[in-house]
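Here the structure comes first, spelled out in structure tokens, and everything after it is commentary.
There are 4 protein chains.
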Amino acid sequence: MQDNNNRWILAAQCPSRLGTVDVVTRFLKERRCYITEQHSFDDRLSGRFFIRTEFRPEAEGFDAEAFEAEFAARAAEFEMTFELTPPGRRLPVVIMVSKADHCLNDLLYRYRIGQLPIDIRAIVSNHPDLENLAAWHGIAYHHFPITAETKPEQEAQVWSVIEQTGAELVILARYMQVLSSDMCEKLSGRAINIHHSLLPGFKGARPYHQAYEKGVKLVGATAHYINDDLDEGPIITQGVEPVSHADYPEDLVAKGRDVECLTLSRAVALHVERRVFLHAKRTVVFDR
Amino acid sequence: MQDNNNRWILAAQCPSRLGTVDVVTRFLKERRCYITEQHSFDDRLSGRFFIRTEFRPEAEGFDAEAFEAEFAARAAEFEMTFELTPPGRRLPVVIMVSKADHCLNDLLYRYRIGQLPIDIRAIVSNHPDLENLAAWHGIAYHHFPITAETKPEQEAQVWSVIEQTGAELVILARYMQVLSSDMCEKLSGRAINIHHSLLPGFKGARPYHQAYEKGVKLVGATAHYINDDLDEGPIITQGVEPVSHADYPEDLVAKGRDVECLTLSRAVALHVERRVFLHAKRTVVFDR
Amino acid sequence: MQDNNNRWILAAQCPSRLGTVDVVTRFLKERRCYITEQHSFDDRLSGRFFIRTEFRPEAEGFDAEAFEAEFAARAAEFEMTFELTPPGRRLPVVIMVSKADHCLNDLLYRYRIGQLPIDIRAIVSNHPDLENLAAWHGIAYHHFPITAETKPEQEAQVWSVIEQTGAELVILARYMQVLSSDMCEKLSGRAINIHHSLLPGFKGARPYHQAYEKGVKLVGATAHYINDDLDEGPIITQGVEPVSHADYPEDLVAKGRDVECLTLSRAVALHVERRVFLHAKRTVVFDR
Amino acid sequence: MQDNNNRWILAAQCPSRLGTVDVVTRFLKERRCYITEQHSFDDRLSGRFFIRTEFRPEAEGFDAEAFEAEFAARAAEFEMTFELTPPGRRLPVVIMVSKADHCLNDLLYRYRIGQLPIDIRAIVSNHPDLENLAAWHGIAYHHFPITAETKPEQEAQVWSVIEQTGAELVILARYMQVLSSDMCEKLSGRAINIHHSLLPGFKGARPYHQAYEKGVKLVGATAHYINDDLDEGPIITQGVEPVSHADYPEDLVAKGRDVECLTLSRAVALHVERRVFLHAKRTVVFDR
């Protein structure tokens, strides 16, 4: 990784057209910004262009607002959307959980040691179980019980927390409720879920039990953006774990925890480092 | 691996009942057979017991026929089925292919250097394309074209080759035809297919194109025994390969070749070394 | 995994000799013990035999002491050493750490949710840093500072904790001190260390920096029993992680944490489930 | 992969200096070349910059010679070295082997189906064994025996083949001779060797036997550019394979074949697609 203290990230996408790279790189050169890492990809099937650039301003007094305003003008010619991320930026996050704590525990650890550049503003749950874990890390914990009848009210409470904390990303760390269409839409592109199977295999409930029934020799986990189609949102990354005939369903549950944690935290890291680009139902991921 | 020159394999299964291991091990001890490797597993959900034993007779003049006859009597008390495999035994095999040659090429190489203890008696195809490859390895190649109308006749031809060659295993090395129910039944437990996806994901035709559409980040291959339910037969082993947004469908096809070859040859090796036990819709695999 | 409530484990080893399996299995049969899983291996190069058996007594009132006494007599004929582990047994453990907390945090989590059948009796460190983490899990924390001069006294303190807690296993979870020969000998076969490289590559200090210098494309971790030869003790298991030119030494340190945690906890699980057999400088590991 | 029929590759490196990306991208824009994929990296420790660009000329009549001449002028200001690779270019290659044929067989297969964009001009060996294999693929085979005394003459013969065939890359596909310093120097940056261990572990002879002695639980293979320091040349890529106590040295040899083939062919693919940049003792690899 380049020097974090002065590493800016510019992430952008637009329709394919001559000059898509040049519009970015020339602008950076003109402002004396040195590009330390760059990755671009043109998707010939969708006709869409993606670019991620890490750079460090070489001149004194880099003015981010001016940079954004001026670049917006150039970008407009290309119908390019972009995002500028300053050094040391920690993305405001809300985590949603139910009773299982392995993914939460893993995220909290990475957060605590500074490995994940996130700022966990709150933890929301439909159960009270994980309050102590949150408390030890000094993070607000909101227990919002849910029933079929109270779902709209509960989601309103959740939404209120997201808004009040200014969360830009919601992490569903084994939150065992299906979000409403309305909620999915509000969180489009900024809510990451972990599903404990290699999607599209074993969608829905109890995927490890489904996996046992089929007798598969590999299980896995899928981190994806949520959308209104359950377990069908755009995939960010997937992990895999070999299993055998000696693994009963409860063993798959136990064995799967590690790959769930690793897959979810990798997806979050990719997202907050602006390595994931979302277009239609697919992602472009500029992994390291 | 133990010394091949004197390595016998006894593979057996039966309902769970006190004494299932003892009936095997006591018998071997009495006949002065030294057990070099043993693996047993009792499946508590199905109530079924599986055991695989490698041994070397320490007395002169080991008599396999007498061994089988005498052990059969003991095994009968446990409703145990078993199979005794002598040292250096090469399983008679017929390979079925269509046009893609990567799996065939891989199997032929392993066969040629003696890595796979098989005896390839014939290669059968619905296309003439791979005849040269077969010829270079000195193996008979049967071209039996197939159409919807001629399917029964074609399968009769295939069956005739299997019978005349005494093949005990049929390997479908990217044979792109669906076998009839009748053929599936005849080959039950002794025909291994390679499907180019992580089943149960992407069954049926063009799995790499399906995988591209879904935007998955892992592709894979599944080796399984065939049965009458397409791509639903008992799974022996699976392999996996990471892919990215930059892999178009044709790239997935190319990238998948290696994992298909490795997965299929591993399944064949497991089968011929008697490491795979089939029970109902599941396999028990005593891998090394 | 078989039903834990009634799963006994018998692990044994002895010189290779006709009847090594039979002496175990016949004994179990006679006492009406049903074998649910068994794995044996005869090492032809060292002439040594290893066997691990999971069983469940079918008769009422299984008497472990009587079992051990009676089996000892039979085992003696084969110079067989053995160990009987009752259901639900949690191995008494002391963990040693320095400042890095990732492995400790990981072990504590698995301990807390009951995934690792260990009973952590104390945490010992040459630094005070991780006391809070220990406290939150309700585990005694002993801070024993160390200098070149005070090493003998410090090791005496450590040894005293090990003895008083009755620890049967010591886990060196990134303890950054070299143990004395005397200490190594006392802990022979019951102290597991995690080294952050793929041994024998990059022994000694700062292995990730060494790895960076060499420009390797894979880093890893090795869990091994300690002995008097630094980083040369018998290997239990190893894990691996791909890296690239873009990973500076500090990135390798960060990336390596996960594989260190996974490799160490896997080694501990294998050890406490009696899946690891130590003989001379090698291990036999009956993995699931 | 982008459309091969019109995919040009520009690979370049130079000292770190403001404008290193811009000098490339502006030039391409001016000549109406559309960038379909780009990856750049600045190594802050060595102060060196690397860039790889895939592009397609949008104007009719792209003139490669003019392009190179004009770009050379700009590149000179940055002390930038570069290489332009036209669509469909197949790199002229000589393969060197001894008796083991698995890597050769694998390379020939990928060559035959067009998966590796290489043009195998000749196979050179110090043994006659693999002549048939070469013949079946229609490739010239040169048998140059070698002894300690005839080594200079033999290397002169080899060099003569390399020169006469115009080979730009030499692949040492398990060639079991150490090349002289002189030969290493002549082939600097254009000879790839496969070593059957995870370097720097187990350098030199019989690495699998060394691995068995150490009791490692992972073996592997390393593809690297050769230099005058045996098994110390810059690493391109590495592969790994889990092994167990049950794998005797001859099993490691057998198990290792697959990972050797995969690792070597991956390195060759990376090299011919201009994804590998060599600087001092390290490589920068822009993998897909």
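Chains as they are written, first to last, in the working numbering: chain A, 1074 to 1361; chain B, 1074 to 1361; chain C, 1074 to 1361; chain D, 1074 to 1361. Just so it is clear, CB atoms sit at the ideal spot from N, CA and C, and this is done for glycine as well.
Continuous beta strand (DSSP E) stretch holding residue i: start and end
i: A:Tyr1184; result: Where A:Tyr1184 is concerned, there is no enclosing beta strand (DSSP E), although the alpha helix (DSSP H) it sits in stretches over His1175 to Arg1185.
i: C:Glu1141; result: No beta strand (DSSP E) holds C:Glu1141; the alpha helix (DSSP H) holding it covers Ala1137 to Glu1150.
i: C:Thr1356; result: Arg1355 to Val1358
i: D:Ile1082; result: Trp1081 to Pro1088
i: B:Leu1154; result: According to the sequence shown, residue 1154 of chain B is Thr rather than Leu. B:Thr1154 -> beta strand (DSSP E) spans Thr1154 to Thr1158.
i: C:Leu1244; result: The question names Leu, but residue 1244 of chain C in the sequence shown is Ile. Start and end: Leu1242 to Leu1245.
i: B:Pro1218; result: Run containing B:Pro1218: none; DSSP gives neither H nor E here.
i: A:Pro1165; result: Leu1164 to Val1170
Interface residues of chain F facing residue i [CB-CB closer than 9 Å]
i: C:Ser1119; result: Of the protein chains in the structure, A, B, C and D, none is chain F.
Rounded distance between the beta-carbons of residue j and residue i, thought under 8 Å
i: D:Leu1245; j: D:Leu1206; result: Not really, about 17 Å apart at Cβ, beyond 8 Å.
i: D:Tyr1281; j: D:Val1326; result: 5 Å
i: A:Ser1113; j: D:Glu1110; result: 7 Å
i: B:Leu1189; j: B:Val1345; result: 7 Å
i: C:Leu1343; j: C:Ile1309; result: 6 Å
i: C:Arg1129; j: C:His1352; result: At roughly 28 Å, the Cβ-Cβ gap does not stay under 8 Å, so C:Arg1129 and C:His1352 are not in contact.
i: D:Phe1359; j: D:Arg1125; result: 5 Å
i: B:Gly1312; j: A:Gly1274; result: Actually they do not touch by this definition, with Cβ atoms about 15 Å apart.
i: B:Ala1137; j: B:Pro1159; result: 6 Å
Within 9 Å, strictly: CB atoms of residue i and residue j
i: A:Ala1259; j: A:Glu1305; result: The sequence shown places Lys at residue 1259 of chain A, rather than the Ala named in the question. For A:Lys1259 and A:Glu1305, no; Cβs fall outside 9 Å.
i: A:Lys1290; j: A:Val1316; result: yes
i: A:Glu1156; j: A:Cys1087; result: no
i: C:Ile1267; j: C:Ala1296; result: yes
i: C:Gln1237; j: C:Asn1199; result: no
i: A:His1318; j: B:Arg1279; result: no
i: B:Met1169; j: B:Val1243; result: yes
i: A:Ser1089; j: D:Tyr1184; result: no
i: A:Val1166; j: A:Val1197; result: no
i: A:Phe1135; j: A:Trp1209; result: no
i: B:His1175; j: D:Ile1186; result: yes
i: C:Lys1102; j: B:Leu1091; result: yes
i: B:Leu1337; j: B:Ile1265; result: yes
i: A:Ala1132; j: A:Arg1105; result: yes
i: B:Gly1288; j: B:Glu1314; result: no
i: C:Ala1173; j: C:Arg1247; result: yes
i: C:Leu1203; j: C:Leu1177; result: yes
i: C:Asp1320; j: A:Arg1361; result: yes
Run of the alpha helix (DSSP H) containing residue i, from where it starts to where it stops
i: A:Ser1113; result: No alpha helix (DSSP H) holds A:Ser1113; the beta strand (DSSP E) holding it covers Cys1106 to Asp1116.
i: B:Asp1192; result: Per DSSP, B:Asp1192 belongs to no alpha helix (DSSP H); it is in the beta strand (DSSP E), Ile1191 to Ser1198.
i: B:Pro1225; result: Lys1224 to Thr1238
i: D:Glu1204; result: Glu1204 to Trp1209
i: B:Glu1127; result: Run containing B:Glu1127: none in the alpha helix (DSSP H); it sits in the beta strand (DSSP E), Arg1121 to Pro1130.
i: A:Thr1093; result: Thr1093 to Glu1103
Entirely enclosed alpha helix (DSSP H) segments - the segment 1250 to 1326 of chain D, minimum 4 residues:
1254 to 1259 and 1280 to 1287
Taking only beta carbons into account, state which residues of the segment 1193 to 1214 of chain A come closer than 8 Å to chain C, listed in chain order.
Trp1209
Output, in sequence order along the chain, the residues in the segment 1324 to 1335 of chain D whose CB is closer than 8 Å to any CB in chain B.
Asp1324, Ala1327, Arg1330, Asp1331 and Leu1335
At a CB distance below 7 Å, what residues from the segment 1101 to 1116 of chain A approach chain D? Give them in sequence order.
Lys1102, Arg1105, Tyr1107, Ile1108, Thr1109, Glu1110, Gln1111, His1112, Ser1113, Phe1114 and Asp1115
For the segment 1163 to 1197 of chain D, which residues have a CB atom closer than 7 Å to at least one CB atom of chain B, in sequence order?
Asn1178, Tyr1182 and Gln1188
Counting only Cβ-Cβ distances shorter than 7 Å, please list the residues of the segment 1118 to 1137 of chain A near chain D, keeping chain order.
Glu1131
Using a Cβ-Cβ cut-off of less than 7 Å, give me the residues of the segment 1304 to 1324 of chain A that come near chain C, in sequence order.
Ser1317, Ala1319, Tyr1321 and Asp1324
With 8 Å as the C-beta to C-beta threshold (strictly closer), list the residues of the segment 1345 to 1360 of chain D near chain C in chain order.
Lys1354, Arg1355, Thr1356, Val1357, Val1358 and Asp1360
Quick one: which residues of the segment 1265 to 1282 of chain D get their C-beta closer than 8 Å to a C-beta of chain C? List them in chain order.
Leu1271, Leu1272, Pro1273, Gly1274 and Phe1275
Residues from the segment 1084 to 1101 of chain C in contact with chain B, defined by Cβ distance under 9 Å
Ser1089, Arg1090, Leu1091, Gly1092, Thr1093, Val1094, Asp1095, Val1096, Val1097, Thr1098, Arg1099 and Leu1101
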